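Undergrad: Before we start, here is the structure in question, set down as structure tokens.
Chains as they are written, first to last, in our numbering: chain A, 348 to 630; chain B, 348 to 630; chain C, 348 to 630; chain D, 348 to 630; chain E, 348 to 630; chain F, 348 to 630.
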């Protein structure tokens, strides 16, 4: 008998029961204020990953030696952020409850909030390592408090001071940066100080969120709000290896790939390679 | 002294006090379930309208002989449909209160609901003439009741049976069509019966909503959910002239242009021409 | 436990054992001489079909009431047409052997040859109904006999005179048309005479192959060699209903969608709708 | 020895001495007021013509049976319309002096003026048949008298009343149409009356200029100022056959293809097919 | 009463009387010899600037603390460079006469000439600092002396030796470089020596012209003639801060953004950020 | 008399008899497994090269001082790699036999094999210097041994151990790298060790093959399988100057430019510049 058409990210074909890490997509971009399109991110990564090798010449290891399950995309209602976040929360909690590490693929950055909420339930002493071009610390926008521009501020609401460290930041309004100075750790433009932050976190659990627009638009144009002056691909890779090699990462995400905005396909291919390296490095 | 840079739709430069019709844009597409991009519709129409002449060879009249004011786009929060609808309602009510005809440019089709609510306040015996490829009669989707796929159903909630007539419809699920049979008038594929419906409405006030995807995708590819088998541009123009020539249209809208989805620019140019013809025909 | 990510064409989620029709894709375009890209056709149709309703307002029936299994894409080696055709032949034969109707999604038109060979094994009295802009009757090109421009000629090699009828043809070289006059039935530009041909075929088994470039490029630009002067979508739909309503179609295919060549996505959406209508009409 | 790389339009490879018709390109679009790009028109047609067959199923004749020479593109200075027109004039005059028919490929419509000037020298009783969406009758624009929007008015300056007939027109300002009523023949929207005009012209020499935007944007989006409501490809073909079959066409042009504006390539392919049909029909 | 739709570059909404710097656009690209599109540059920057924050994390200052007026785009006739330059000259002179600093947004590089002519009237001892990939020192091209490839040569005609310094140059013909050696200062590839040149200029007035193609095409593909091997965004930013921090810049421009050539939008976003930094740094 | 339209790469217009280097294109991409499009590479380079200067500011020399003949593109049958390779072999042999250096423009990387076979005939002690992102050392794929992913492995079949050195490699499967360790020299990521390898080769003849995807996708997105983490343009240029300045390069190629995958045109422009620098440096 013929088998059904199963589509997973490259080589992530473990059985759920055996998997240590579980991928899931959150195709949601309703609060994106500038150019939408991240709703297509997780799908495009699955579809385009067949252009990638499973072998990492960086780590000299193979993705097929990892046990990863790709559960596909959630079905999320556009225009209803609370409902979307609730569904993300539930999926994350389910994966954690089964003793596996959740790996969320965006979608816009707001989706991180749902995952963080669920992880916090299980790991009250959670820290967040945040790579991004944007501070995402706005308290509200036109009276709205749930948006991609506020997501880290909302995480802080749940976690309080001294538990969030962000790197690569190069955009935000004055109020965000002023607020940030007293509540979180912000490193502008690059990854300076990352090793030190990781030292101070030590063995405590970490949620690792990467907004791909931390990359320079020259190598990652496919994102809603590209910001010139970003980090290079090798710089990002090194920083990722540092975090995954040193921190106790209990959950993570990769967000803000907007495939329709890059007709060359390079952004999606680059996101796929970053995901491959993360999945290999994580264990 | 130099003057500020004012950008209006082609020739719509009357003073507000003198205007009989007032344009405003609702750049909102948060509930779009397939391909977003209509948020850029009203802006693109203003910007690209300078490629169009003000003279209509169809009506042998000139747009500059009409008194139209273009108040630009509302600032709407993405991801918060209720707030967006409230702001549209307020703007519509203000224009009506000043004795002028509101003309809303989308954005996605949900924005119609805000305008209809305001118009109903002033014209309780309102009828709706609806041109569209999609029935938009869904009761809910994933539990969400405010979305572009439900907008006409929500209007019906406010108006009841026998007051909505839709034309050109060629997509919907079975439940929508079954429900529709008992509550509204649905003409599949074309404009057959339009004159008769207009006769029965007579002098009663009409809200005229045009989802541009009623056009065949060959002449209007720039929309979120293109549906093969639509009406031609001349057929649409004739139907518009019929409605505007015969009915008492107190407010109208033109929605679902998604400029990024048509890199040729033809969809935007066509939308501009339709708007020109409507604005000339309306008075 | 979470389930794997299964991706099928809209609503084609029957179990294989229950299915009467089985879809499979042949992502191959190695012999395309002008603009490649059809290798992405079947995948794009699966992915984009979620923008389509399962209900047909044309037939007033629902796709979910059909029992269809989508077995995904074959893995085909580029640059090796004989191997690709062999794999297509095997898949087609397997489906026929299990008493089901194969439905092949291209890929370029050459893939039809593999399917026809397998169907001929089971149905020696097979006829072919062929919709296309191109005659595809070339004997060879630069010495090569297996190519998309020769596919119908190769079918004739297997079947002989009087068993192939083609419609909508508007491109070919002089030699093709001259040869065709004595060996097959060619209707230029449109579907005139289709009903008569179907009458003469009667109950004999039919392979129905549709090269989507039979459509006018205005409604279907996403194909390798667009030819102005094609049929409209409603004309094609009517012809399809005629064939499927009258002939004993034992296998069919839909080929030559090249998604990267149409950035508006309209071609893929149109191909999806045609497939929906065919799948509903077939039973 | 290897030969140089010669690139001509499909099958137009006669020796100059033998040719009856001579193609040349005028890659100029400096006066285009909206979206430039026609400078790439003639090149794209040569390059893409290899996707086309030389056989016409419409005329049942083959382009290779015609003696046509393609002399490539003129080198024209951008920003200097007078110089460009002078170079076009010289090339046209040279071809006429050699007893051959010039066929100019645009570029923008202004280039027609250079050719018409040269043809008028040899044929003082010249008439113009003009297919276009735009009247092109503006006297000046911002004080400038040489532009694509004025080209037919400039021709009239040279020829006077009653010698220009235009068809398919659907855009212009009020002043153009009013002026036109008294000086030329304008048929709005379609080709009604074309046969009659050709009768009245009789054997007198005709310059035939086709602005490809006369076609509906659905089948020809690749042009600077697309105008909804145009003629179909079969309608244009019929009108072309009428003109070339009946009139004494001593020179002609095909202008306003802007390949970068149509990423599907359909516009270029359609222009190539129209050129093939014209070249075959001309003799 | 509702207000008109005013569109300015991000945060540049001072009253003219209060403004110290005045922006204006010159949407002109008629002499562009390769790929046109810069005519859309200034508009696109206004429209896309809403995706940018007003706060500069580089300078720790906010654009809204500057007094800048954006007077929109000039209306320039295509195909008539002399007329366009005259209009640019007049606008520049008007702004200077009112005691404000003109900031010109291109358009192609030729527009600089109009501005320089006006500034020279008021500041006879003017120097030019020129960032570009191209030398722009051609004396003529096909006999034409007014073109984007000659603009700096034309400035030299007015200013003479030793007053123009160009940086980042990596394209030109041999004659240009040879001529340049004796008349201006040319730094190939980078900004080496910039500080020294600024020292020698001292307090004398400077016109600062930036052709954005000085950037590497990896971060700025949206320009007519991209040249591999350019400077990075941080390098350009540093050089800009050096010029604006040290020199007496009395007027400046930013030219050669061609938005249609970069479908990712990154080039426009980058140009916006450079403009923000320049406007903040200038005072 | 007018001359035919000859199209060559910029300034490569020597007579064949006088030429020391002969360009030819191999427009073939039938075995490309991911995204096709390199078939358009050589044509696009010729067409777009007119946007480039002949003068090299890097080498301070002019391309027009070299004697290069461009013989255009081979006509190759798609879907038949053996035939295509045979035609490439014959062309290469002919050029070598005439005492000239062949320079092949791809097309996909498989075309290199045809050229290497011919060069090996004449130079049995040939070495290969290979710049690439991909190892191309696969033994077979789905049973197929002739493909772009196997091309260097096929060269090794002919040449044996110790004669192939590759640089910039950052993608391959585990088996390829393991095999490579014992048979060829592989430098990951960059050009480290290139000078040393050139020293060991000394005066022996070298075939120099550059797969342009060795460049980082930020500066070269237009290729079938972009791989983040590549070399920069200046790094590649330096490595090319090293090879061409030191080695006895008897033939070379430049492959894998896929113009349709980069709508900005930057990739083609960059390939043109690399070719210019190579042609100047080669003599």
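For glycine and all other residues, C-beta sits at the position ideal for the given N, C-alpha and C.
The structure presented is a predicted model; accordingly, all values stated were derived computationally and were not measured.
Would you call the CB atoms of residue 605 of chain C and residue 383 of chain C closer than 9 Å?
TA: yes
Undergrad: Quick one: is residue 394 of chain D buried, meaning 16 or more other Cβ sit within 10 Å of its Cβ, or exposed?
TA: buried
Undergrad: Any residues in the region 561-585 of chain D with a beta carbon nearer than 8 Å to a beta carbon of chain E? Which ones, in chain order?
TA: none
Undergrad: Taking all protein chains shown into account, decide if residue 505 of chain F is buried (16 or more other Cβ within 10 angstroms of its Cβ) or exposed.
TA: exposed
Undergrad: Secondary structure at residue 372 of chain F, three-state DSSP: helix, strand or coil?
TA: strand
Undergrad: Assuming residue 521 of chain A is part of the alpha helix (DSSP H), what are its boundary residues?
TA: 521-530
Undergrad: I want to verify the contact list: residues of chain B whose CB lies under 8 Å from the CB of residue 309 of chain E, in sequence order.
TA: In the structure as shown, chain E starts at 348 and stops at 630, and residue 309 of chain E therefore has no counterpart that could be examined.
Undergrad: Can you have a look at residue 513 of chain E and say buried or exposed, based on whether 16 or more other CB atoms are within 10 angstroms of its CB?
TA: The C-beta of residue 513 of chain E has 16 or more other C-beta atoms within 10 Å across all chains shown, which makes the residue buried.
Undergrad: For residue 390 of chain B and residue 420 of chain B, I'd like the C-alpha separation in whole angstroms.
TA: 8 Å
Undergrad: Find the nearest neighbour of residue 495 of chain B within the set A:422, A:427, A:545, A:351, judged by alpha-carbon distance.
TA: A:427
Undergrad: Would you mind working out which of B:417, B:374, B:590 sits nearest residue 550 of chain B, comparing C-alpha positions?
TA: Nearest C-alpha to residue 550 of chain B: B:590.
Undergrad: Please list the partners that residue 631 of chain A has in chain E, where partner means a Cβ-to-Cβ separation under 8 Å.
TA: With chain A running from 348 to 630 in the structure shown, residue 631 of chain A is simply not present.
Undergrad: According to the neighbour-count rule (16 or more other Cβ atoms, all chains shown, within 10 Å of its Cβ), is residue 372 of chain C buried or exposed?
TA: buried
Undergrad: Pair every Cβ in the region 407-422 of chain C with every Cβ in the region 566-578 of chain C, then say whether three or more of these pairs are closer than 8 Å.
TA: no
Undergrad: Counting only Cβ pairs nearer than 7 Å, list the residues of chain E close to residue 427 of chain D.
TA: 491
Undergrad: Since residue 448 of chain A is in the alpha helix (DSSP H), which residue starts that stretch and which ends it?
TA: Here residue 448 of chain A belongs to no alpha helix (DSSP H); instead the beta strand (DSSP E) covers 448-453.
Undergrad: I need the straight-line Cα distance from residue 380 of chain A to residue 355 of chain E, nearest angstrom please.
TA: 19 Å
Undergrad: Whole angstroms is fine: what's the gap from residue 324 of chain E's alpha carbon to residue 579 of chain E's?
TA: Lying before the first or after the last residue shown, residue 324 of chain E is absent from chain E, which here runs from 348 to 630.
Undergrad: With a CB to CB cut of under 7 Å and the five nearest residues on each side skipped, what residues in its chain are close to residue 408 of chain E?
TA: Around residue 408 of chain E: 627.
Undergrad: Listed from N- to C-terminal order along the chain, which residues in the region 385-397 of chain A have their beta-carbon within a distance smaller than 9 Å of any beta-carbon of chain C?
TA: If the cut-off is 9 Å between Cβ atoms, the region 385-397 of chain A has 390, 393, 394 near chain C.
Undergrad: Give the interface partners of residue 380 of chain F over in chain C, defined as CB-CB distance under 7 Å, in chain order.
TA: 425
Undergrad: Could you tell me which chain E residues have their CB closer than 8 Å to the CB of residue 610 of chain A, listed as they occur along the chain?
TA: 610, 611
Undergrad: Among B:457, B:507, B:463, whose alpha-carbon lies nearest the alpha-carbon of residue 491 of chain B?
TA: B:457
Undergrad: Near residue 352 of chain C, what residues of its chain come up, given a Cβ to Cβ distance below 8 Å and the 5 sequence neighbours on each side ignored?
TA: none
Undergrad: Closer than 9 Å, CB to CB, is residue 531 of chain B near chain C or not?
TA: no
Undergrad: Three-state secondary structure (DSSP) at residue 546 of chain C?
TA: helix
Undergrad: Compute the Euclidean distance between the alpha carbons of residue 436 of chain D and residue 443 of chain F, then round it to the nearest angstrom.
TA: 46 Å
Undergrad: Which of helix, strand or coil does DSSP assign to residue 565 of chain F?
TA: coil
Undergrad: Taking the C-alpha atoms as reference points, what is the distance between residue 573 of chain A and residue 574 of chain F?
TA: 20 Å
Undergrad: Closer than 8 Å between beta carbons: that is the criterion. Which residues of the region 412-424 of chain B meet it against chain A?
TA: If the cut-off is 8 Å between Cβ atoms, the region 412-424 of chain B has 422, 423, 424 near chain A.
Undergrad: Sort out for me which residues DSSP pairs residue 402 of chain F with in a bridge.
TA: F:409
Undergrad: Please look up how many angstroms separate the CB atoms of residue 460 of chain B and residue 523 of chain B, rounded, as I've assumed it's under 8 Å.
TA: Taking 8 Å as the upper bound for CB-CB distance, residue 460 of chain B and residue 523 of chain B are not in contact here, some 17 Å apart.
Undergrad: What residues in its chain sit with their C-beta under 8 Å from that of residue 467 of chain D, if we drop five residues either side in the sequence?
TA: 473, 505, 506
Undergrad: Less than 9 Å separating the beta-carbons of residue 544 of chain C and residue 476 of chain C?
TA: yes
Undergrad: Short of 7 Å in beta carbon distance, which residues of its chain neighbour residue 440 of chain C, apart from the five on each side in sequence? Order them along the chain.
TA: 465, 468
Undergrad: Using a 10 Å radius around the Cβ and a threshold of 16 neighbouring Cβ atoms, would you call residue 607 of chain E buried or exposed?
TA: Under this definition residue 607 of chain E is a buried residue.
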